[in-house]
Structure formats: structure tokens, C-alpha cells
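As given, the protein sequences belong to chains A and B, one line each in that order.
Just so we're on the same page, the numbering used here is the position in the first sequence counted from 1, plus 558.
Just so we're on the same page, the numbering used here is the position in the second sequence counted from 1, plus 17.
Where a beta carbon is used, it is the ideal one built from N, C-alpha and C, also for glycine.
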Amino acid sequence: MENNRLIQLEDIEKIYKVGETQVNALRGLSYSINEGDFVAIMGPSGSGKSTLMNILGCLDKPTAGKYFLEGEEVSTLDKNRLAGIRNKKIGFVFQTFNLLSRTTALENTELPLLYSNMSKKKMRELASKSLSTVGLEGRELHRTNQLSGGEQQRVAIARALVNSPSLILADEPTGNLDTKTGKEIMDIFKRLNQEKNITIILVTHEPELAQIARRRMHLRDGQIIKEENA
Amino acid sequence: MNILRTIRVSLRALGRNKMRSFLTALGIIIGVGAVIATISIGQGAKREVEKRFESMGTNLLFVRAGSRSYRGVHGGGGTYQNLTPGDAKAIAEKADAVKYVSPSVSTRAQVIYGNKNWNTNIQGVGEDYTKIRDWEVEEGIFFDESMVRSGQKVAVLGSEVSQNLLEGADPIGQIIRVKKIPFRVIGVLETKGEAGGWFSRDDMIVVPYTTAQRRLIGRTDRVSSIDISAVSATQTTEAKKQIEEILRIRHKIAPGAEDDFQIRDMSEIAEGAAESREIMTILLGAIASVSLLVGGIGIMNIMLVSVTERIREIGIRMSVGARERDILLQFLTEAIVLSILGGFLGIGLGIIGSKLISRFSELQTLVSIGSVALAFLFAGSIGIFFGFYPARKASKLDPIEALRYE
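Rendered as C-alpha cells:
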């Protein structure tokens, strides 16, 4: 099956300045991801995983190098354009869920749609559909604090899906969950990837979780030390 | 995000912390209330003055001698008498925007009745005087045109003179003496009260101006002023113009040269008196608006706390695509909604406050639409002004750090 190129990273470098010292978080990283890929980014802490994930998620810009997303160079865009890209093309799933507290599952799921002009009715419709994709139909009006950890993470996935993004970025999505619930969450990702051909990038340091991914990238000291393609 | 949606999101956020939102808005509520209540006191005082002047007749015009320059030396206004009974007659005949005309001379004299005497102001006026001044004759009659023409020695008393001099005797038909000339009292004017100063309008005697000229002043060719009423209040300007034209011709004033007379209307005189009240209003309002300012600082304070508390939320919103502008607007809207809600409640408080003031004190109050609008606008601007800094701070957060914030 011939896939379209979704992401192209060329010589990505990221340098942080912490006081006087420079930290080279990423040192000339090149990689490409096709539509429908399931990629795991692995590595110990300090390897540059989070930095890479922030750049991929358009939350940050590389110091040098080029990042093409769907053929568009996003490494040169300004903050507002990046916000637009995040809104339309990227869905985030975080370790700590990052849902709005005291807000219903439905409203949390609608959140990205708030920032793209859409009628209230259409928002409701898309958010409900998204929630049922992750198996939360009937729980739309439950508030965040009335949901279990696994359910909260499902809401987060529903939120990531709601705008039909090109890419879902999951940063240690099972880190705060027990093994069984973690497995359920991973099954959702797997299903989304297989059934809906959604591109997923998973950041994790757990090798077993990474086994689900079809491609694996091992990072150390800001460089790719090993690539595996299943 | 569109504005309605932004407002809904703000209301939701404010509703989560009802007590805090209310206390924050309280600063604005009290501020707006204080501004409206204090301005209403000033406006009430102004209205009182205006009413008093209205009771003197609204479409009134006065003509008096202006300054005259004689070989380059200017005299003060009214120093030189150059108005004549003929001027008055010409105005009455030619100016169609003019309804009544009454030439006027005045003097002060000791008035004697029996063994009592009273020093008062003697006004020599025309037969239309009471109509111009909107003044009723309470007892008896006022002199008519034929009495004026023939210069009869008749007098109409102000109520204060009547009380002090005649002391309860039926005034009509009594003979009083002014500068040894006997005058027959034919009427008493209704009580008008003070004219917004220390002088009482009821302390005077009115006689035909012809009589006053001949018997009391000894000069028949001049009058000191002319009282005029325009056909209607809206016609005063037109009347003024016509009078000016007529007098300029009669006084042979070359085009471009200054008038040698002055025409003033009641509204100008009332304005002067109202102005001092206006200054008081502004002063009171300024003092009250200090509390609005303090309320604004309260909003800023709470918004800063709110931004810090919600850094995580801001990070989440940014990660799903909120732009700087969206975050800025969200927090700014919260501040504006707070201050505008506070403004609404403050208007209610101010209106109730001013009602209470007028009920439990001597002060008259008047809540004008203008002051309500002003206070409201002021509250809204305070929301924008003091809400901007916290909102900007929120919008400038780095999404990565905001998401990581504990």
C-alpha cells in the first residue's frame, strides 16, 4: 500500500538556553512519517522525546531544520498560524489527561471546535460522535470529576479526534493508569489506527507499549540511535 | 471564537466562583452607585435653580443700555441710559416675534403709610408687566394701558410690602406716599419668593412707568431697561434678532459698530446660576469616581489571581488551537462582564440611593439618563482598562509551560 507522506523532519535542532549554558535537546534529527503510520518514540528521560513531541505538535519551533506537515513548512510559521495548525491537524493526548475540571465530557470534547467557527448544533453532533467512538456514549453529561481515570483519558482521546486531525500525538497516555485500563486505552489507539487509518505518534518509555506501534524510533541525547519498522 | 460564545464562556467561568465574582463586582457596584447618587444631588440642585428661573417666565428678554464708547473711552454696561420709551414702542410695533413689551425704570424710596414707613424698590413698568413676568395679581387689579398713558398715581404692591406696611389692613384703596406723592393701591401681587439670592422679589412696588418718570425720577425721555416676552420660548432667538435690528436703526449704529445696548434672555441668566451647580456636580462626581477606580483595581487584582489559577486551563486551550487573541478576549471579556454586571447593579443602587437621600434629607435629587450612561460607560471602560493587563498576561503564556504547570 502506497502511503502519502505526512511528516518530514529535516535536520531538526533544538537548543535551549538555561542561564549561561546551552542545552542541545535535539541534534540534527531527520525522519519521515506517512499517513496511517503508528510510530512510537522511545528513549530515557532527557533523550529529547518531549522536545520532539512539542515540535511535532506545533507547540514549539525548532532552532534549526525544517518540519513539513502535509507538505507545508510549519517550522517558519508564527504563533497564531501554529495555533491554527494545532486546531485543525493535530490532536493531543497527555499523560495527565488535561481536561477542564468541573466541565462535562461533552464540553471537553467540544473544546477544539470552539476555536473553529462552527454552529453549536454541529459542535454537539461531532463531539457526541467522537465520544461514542471511544465508547463513552451515555456519559456525555458527566463531569470530569465524576469519571474514572480511564474514562477521562477516553474523553481526552475523543477531544483529540473531534476535529478529524491528520495526526494524534499521545504523550505517555497510560502513565497515570493501571495496567488493565492502560491496555484498554492502547487498544483504542490501535483500533483508530487500523480501522480509521489515523496516524498516531506515541511517546513512551515502556517497551511493551511500543510493541503495538508498527514503527519505533529510539532517541538518546537528541539523536535517533535506532529505527525499527515492522 | 465569536463574541457571543466568548461571553458565554466568561459567564460560565464567573459562575464557578460566584462569591468571588460578586465581591469583585461589588467594588464597581458601589462605585457606580456612588457616582449616580452624588451626581443626582448636584443635578437636583441645578434643577431647583432652573425651576426657580422658569417661574419668572421662560420667554423673557431684557434690553438694557450697553456700554457706550465716547471718543474711544468705554463706559461700563448700563452706565449710560440711552433707551427711550420710543424704542419700546417701536419694538412692540415692528418685531413680530415679540408679544409683550414693558419699558422699565426703577428707583428706591421710602414709602409711607400712616405712621409707618418702608424702604423699598419702586418699579415703573408698562401694563403688560405681569404677563411678561408670568405674575398673577392676587388681590385687586393691575393698571391698564389708559392708566399708563395718562400717568395715574396708582400702585400695585409686592406681597412683602403689603404685609410690612399695611399690616393686615385691606390694601385696596389705601393711599401710600412715595416721595410725598400719594399713590392709590389698586392691587397686590402673588408671592413669588426669593430669586435665588438674598433679594426678595416680593419686596417692591409697581407703578406705571410714566408716573414713575414724571413724579419720582423727573425725566421722561429715558427708560433704564425694557422687559420683553417673545411669542414663544422657541421664538426668543428670533425676537432677539428683530429687537437688535430695530434698535440699531433707531440708535443710528453704523454697520460693523458695536451695539450700544444689551439683550439678554432668561435662559442666559439661568445658565449662569445653573453653572455653579454644575461645577458642584462635577466635583461630587469626581470624588465618587475615585471609588470606581478602586473597584477597577479590585477587578485587576482578582483577574490576575484568576489567570494564575487557570494557567493549566490556558495551556489546554492553547494546545487545542486557541490563539493569543482568543485567550486575551476570554479574560478581557470576563473583566468587562464583571464590570458591566456591576455597572447594572450599581445603577440600581444609585437610583435607590438618590431616592433615599431626597426622602430623608432636604436635598433634592435628580437621576438623569446622562449620568446613568456616563457611570455605565465609565464602568465598562474600567473593565477594559484593568482587565487588559491580566488578559494580556494570560495570552502571552507559553503553551508548553502552561500545560506543565502544577
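At a beta-carbon threshold of 7 Å, the residues of chain B lying near residue 670 of chain A are 337, 338, ordered along the chain.
Residues of chain A with a Cβ closer than 7 Å to the Cβ of residue 409 of chain B do not exist, since the nearest Cβ in that chain sits about 14 Å away. CA-to-CA, the gap between residue 113 of chain B and residue 251 of chain B works out to about 13 Å. Looking from the CA of residue 564 of chain A, the closest CA among A:574, A:586, A:571, A:595 belongs to A:595. Chain order gives the chain B residues near residue 642 of chain A as 338, 340, where near means a beta carbon separation below 8 Å.
Taking 8 Å as the CB threshold, residue 330 of chain B lines the interface with chain A. For the stretch 604-622 of chain A, the residues whose beta carbon sits under 8 Å from a beta carbon of chain B are, in order, 612, 615, 617, 618. A straight-line Cα-Cα distance of about 14 Å links residue 380 of chain B and residue 301 of chain B. For residue 183 of chain B, no alpha helix (DSSP H) segment is defined, and its DSSP state is neither H nor E. DSSP, read as helix, strand or coil, puts residue 158 of chain B in coil.
For residue 745 of chain A, the enclosing alpha helix (DSSP H) has its first and last residue at 737-754. Taking one beta carbon from each stretch, the stretch 252-261 of chain B and the stretch 26-45 of chain B have fewer than 3 pairs nearer than 8 Å; the two do not touch.
Nearest CB-CB separation between residue 24 of chain B and chain A: not below the 8 Å threshold. Look at residue 734 of chain A: its C-beta is not under 8 Å from any C-beta on chain B. Between residue 618 of chain A and the set A:628, A:605, A:643, the nearest pair of CA atoms involves A:643.
A Cβ of chain A is located within less than 8 Å of the beta carbon of residue 420 of chain B. For the 8 Å CB-CB criterion, residue 58 of chain B and residue 350 of chain B do not form a contact. The residue from B:246, B:207, B:32 with its alpha-carbon nearest to that of residue 105 of chain B is B:246. Excluding its 5 nearest sequence neighbours in each direction, residue 655 of chain A has C-beta neighbours in its own chain below 7 Å: 710, 711, 714, listed in chain order. Interface with chain B (8 Å Cβ-Cβ cutoff): residue 658 of chain A is included. By the criterion of a C-beta distance shorter than 8 Å, residue 729 of chain A is surrounded in its chain by 608, 611, 650, 651, 652, 653, 761, once the five residues flanking it on both sides are discounted.
Contact annotation: residue 42 of chain B and residue 370 of chain B have beta-carbon atoms that are not nearer than 8 Å.
Sequence-distant Cβ neighbours of residue 758 of chain A in its own chain, meaning closer than 6 Å and more than five residues away, are 596, 726, 747, 751. Look at residue 282 of chain B here: in three-state DSSP terms it is strand. A Cβ-Cβ distance of about 12 Å is found for the pair residue 365 of chain B and residue 392 of chain B, leaving them out of contact under the 8 Å criterion. Using a Cβ distance threshold of 8 Å, residue 685 of chain A and residue 667 of chain A count as a contacting pair. Taken in chain order, the whole beta strand (DSSP E) runs of length 3 or more contained in the stretch 277-341 of chain B are 278-282. Per DSSP, reduced to three states, the secondary structure at residue 589 of chain A is strand. As computed with DSSP, residue 77 of chain B is found in a beta bridge with B:246. Beyond the five residues adjoining it in sequence on each side, residue 122 of chain B comes within less than 7 Å, by CB distance, of 141, 226, 229, 230, 234, 240, 241 in the same chain, given in chain order. Looking at B:194, B:409, B:125, B:55, the one whose alpha-carbon comes closest to that of residue 341 of chain B is B:409.
Per DSSP, residue 402 of chain B has no beta bridge partner at all.
Residues of chain A with a Cβ closer than 8 Å to the Cβ of residue 19 of chain B are, in chain order, 675. Boundaries of the beta strand (DSSP E) around residue 622 of chain A: 622-627.
At least one beta carbon of chain B lies nearer than 8 Å to the beta carbon of residue 637 of chain A.
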